[in-house]
Amino acid sequence: MKRRTLLSTAALALTLGFGTAAAAQDVTAGFIYVGPIGDGGWTYEHDKGRLAVEDAFGDKVKTIYQESVPEGADSERAITQMALSGADIIFTTSFGYMDPTVSVAAKFPNVKFEHATGYKTADNVSVYSARFYEGRAIQGHIAGSMTKTNKIGYIASYPIPEVIRGINSAYIHAKKVNPDVEFSVIWAFTWFDPAKEADAARALIENGADVILQHTDSTAPQAAAADAGNVITFGQASDMGDYAPMPRVSSIIDNWAPYYIDRVQAVMDGTWESKDTWDGIGPGMVGIGEISDAVPAEVKEQALALKDAIAAGDYHPFTGPLNKADGSVWLADGEVADDGTLLGMDFYVEGITGDIPK
Amino acid sequence: MDLSSINPILLVASIMVSATPILLAAIGEMVVEKSGVLNLGVEGMMITGAVVGFAVAVNSTSPAAGFLAAAVAGALLSLAFGVLTQFLLSNQVATGLGLTLVGLGMSSLIGKPYEGMKSPTLPKLDIPLLSDLPVVGRMLFSHDLMVYLSLVLVALVWAFLKYTRAGLILRAVGESHDSAHALGYKVVRIRLIAILFGGACAGLGGAYLSLVRVPQWTEGMTAGAGWIALAIVVFASWRAGRVAIGAYLFGGVTVLQLNLQAAGADVPVALLSASPYLVTIIVLVIISALGAHGAPASLGRPFHASS
């Protein structure tokens, strides 16, 4: 009898113990990163979002993360591991995690998944991304106005719609202010490899480019451009303000914090639903870093006006007339691209030479 | 296709810069493996060298001090490997992998305050007469000191292994540690020295990345360069000259393919992107096929005087 009492008391204490622990931490939010937090770009900004979640909820949320998870099969293992370790919501923050995320999500129907920059959803999988191409339009404008050699170098990562959109948007707006402008695109086939990114920047500069745009995650191209001198660059994903005012003259800043806080809140409230979010400058998901003094005042003014027009919804960076690279008509005069085409974009606009690798 | 925008002078200059870090790490690892030890921690030692070299160069404003510190840091890390594998007889593969993980983690800890900082970089040498030669002067004779040091190091390692008594002993230890021991050579001591040399070289290679090639500190910046160095040692069948060929091929094709892309060459990008790996492997395999060159017979085997 006594022993039974003891046991039940112990059991009760255990339950209570777990109960309080659970109450202290309502939600565990997990993050899968493609690079190291210290990349100074893409992953760095996602991690700032994670820290903002911790700040906003304090003890009520626990965050876990894993850095430098390779895209592909290995990521499936990492995501599964995170789901098994008790995460309630998992943010997978790179395009290449798309299929692994969907397949792990099927095995854990009670865990919520949020995949960045992809397009596959499920009952427990949301996708979210930012309209980076809006920021690219502003970069293109500044780049086209400032280039002296009329050659703009672009370090692209993988041939996916998001990257192609950025190239097109930058090109359209550079061409608008400078009809002679040419784009050289290097496909690095990596998101993060500082040495290769620096080599790519150097190759572009040696081939005559005096503006470098990058769609890779580290600050290495900035360092290579600073070394070369007389070359301008733009911060990618993060402000990269350490390289201002030259070579970095402006930047696209990803601001994930409000979205992450919102989604973790939804999990707490039990109101989480699968949805498809694609926000731009207007709602604040894409920020434009300060345009430095290296940019002539009138160019800066035009760039800011362009930013305001995009933010207000008065202007869409993909407004016709626009042709595809093969010469066929894409958008008629005044026509605006629909999100479906943009999300699946697999072609260059007219004027960009070279092929997109398949 | 119009390739006229590629400037051959700048291209060769870039190739030399691109090949040097891998060459330094690979030549060090080759000596380690020649002594019969497999140290898979090259990546970890490289990145430690990268961060320590960067930190010291920033604080002392002397890149030379940075390189020196990087070599010492790489050697210290490899000493940990040496003590574990040579005295405590731990498994070399597992310890080497552990070394890589330690190096990656520790470097990001040390490097936190240095993100986004600029370092003093090595001055380009101005060699009298040679640097003034047209074309060739700019191409080959106006680099920083480390480029030449790495090539001198390759020559020294080659001569050491081929012509000196000490080199013969090192190879003997790598081929058959029991025989070497029976002849009275200090197997463990010789291997430790080789391990320290390998660590110092990997550290220098890492520092070259963070001080010259990139030049900045970014977490995880070696991004697999150490593994490439390891692979080159194997494909070069443990010969110093071939290690140099392999490193220059890999660095060269990497830079060349980026230049071809920048110039808009009409070649499939996927092929270009894979080309550094393909070309390096194919060429080194063809060279190796011309003769029988196995790994050092005692490679990776633990040794204890009592056994």
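Going line by line, the protein sequences match chains A and B.
For the numbering used here, add 262 to where a residue sits in the first sequence, where the first one is 1.
For the numbering used here, add 532 to where a residue sits in the second sequence, where the first one is 1.
Glycine is no exception: its CB is placed at the ideal position from the N, C-alpha and C atoms.
F496 of chain A has a beta carbon lying at 7 Å or more from every beta carbon in chain B. In the DSSP assignment, Y327 of chain A forms a beta bridge with A:F293. Residues of the same chain with a CB within less than 6 Å of the CB of F835 of chain B, apart from the 5 flanking positions on each side, are H709 and V719 in chain order.
Across the segment 452–463 of chain A, CB contacts with chain B closer than 8 Å involve T452, F454, D455, P456, A457, K458, A460, D461 and A462, in sequence order along the chain. Residues of the same chain with a CB within less than 6 Å of the CB of H435 of chain A, apart from the 5 flanking positions on each side, are A399, G402 and H403 in chain order.
Between the segment 576–593 of chain B and the segment 796–807 of chain B there are fewer than three inter-stretch CB-CB distances shorter than 8 Å, so the stretches are not counted as touching. Looking at the DSSP output, H377 of chain A bridges to A:T354 and A:V389. Taking a beta-carbon distance threshold of 7 Å, Q618 of chain B does not count as an interface residue toward chain A.
For V615 of chain B, the closest alpha carbon among the candidates B:S820, B:R721, B:T653 and B:L788 is that of B:R721.
In the DSSP assignment, Q618 of chain B falls outside any alpha helix (DSSP H), carrying neither H nor E. Contact of N492 of chain A with chain B is not assigned, every C-beta pair being separated by 7 Å or more.
At a beta-carbon threshold of 7 Å, none of the residues of chain A lie near L621 of chain B; the nearest stands roughly 31 Å away. T481 of chain A sits away from G297 of chain A, with the two beta carbons spaced by 7 Å or more.
Cβ-Cβ separation between E316 of chain A and T305 of chain A: approximately 17 Å, too far for a contact (criterion under 8 Å).
Residue pairing of F496 of chain A in beta bridges, as defined by DSSP: A:S512. CA-to-CA, the gap between G738 of chain B and R427 of chain A works out to about 36 Å. Counting only Cβ-Cβ distances below 9 Å, V679 of chain B has no contacts in chain A at all, with the closest Cβ about 15 Å away. Following the DSSP letters along the chain, one finds L804 of chain B inside the alpha helix (DSSP H) bounded by residues V801 to A821. In the assembly as shown, V684 of chain B is an exposed residue. Its beta-carbon has fewer than 16 other beta-carbons within 10 Å. Bounds of the beta strand (DSSP E) holding L475 of chain A are V473 to Q476. For S769 of chain B, no chain A residue has a C-beta closer than 9 Å to its own C-beta; the minimum C-beta separation is roughly 26 Å. Closer than 8 Å at the C-beta level to chain B, one finds these residues of the segment 301–316 of chain A: D301 and G302.
Taking the Cβ atoms as the reference, V765 of chain B lies roughly 5 Å from A558 of chain B, within the contact range of under 8 Å.
Residue range D538 to D541 is occupied by the beta strand (DSSP E) that includes T539 of chain A. Per the Cβ contact rule, the segment 567–574 of chain A is not in contact with the segment 582–598 of chain A (fewer than 3 Cβ pairs under 8 Å). Residue range A757 to F767 is occupied by the alpha helix (DSSP H) that includes F767 of chain B. Here K562 of chain A carries a helix assignment [DSSP, helix/strand/coil]. Shown here, D501 of chain A sits in coil according to DSSP, grouped into three states, outside any helix or strand. Using a Cβ-Cβ cut-off of 8 Å, D489 of chain A is close to T653 and P747 of chain B, given in chain order.
By the rule that beta-carbons nearer than 7 Å mark a contact, G648 of chain B touches chain A.
When the beta-carbon positions are compared, F599 of chain B and Y646 of chain B stay at least 7 Å from each other.
For the set A:I414, A:I494 and A:D479, the Cα lying nearest the Cα of G470 of chain A is the one of A:I414. In the three-state DSSP reduction, E575 of chain B falls in the helix class (H, G or I).
Between the segment 342–353 of chain A and the segment 547–565 of chain A there are fewer than three C-beta pairs closer than 8 Å, too few to call the two in contact.
Taking 4 residues as the minimum length, the alpha helix (DSSP H) runs contained wholly in the segment 644–707 of chain B are 668–672, 677–695 and 697–707, in order along the chain. For A392 of chain A, the closest alpha carbon among the candidates A:T355, A:D461 and A:Y416 is that of A:T355.
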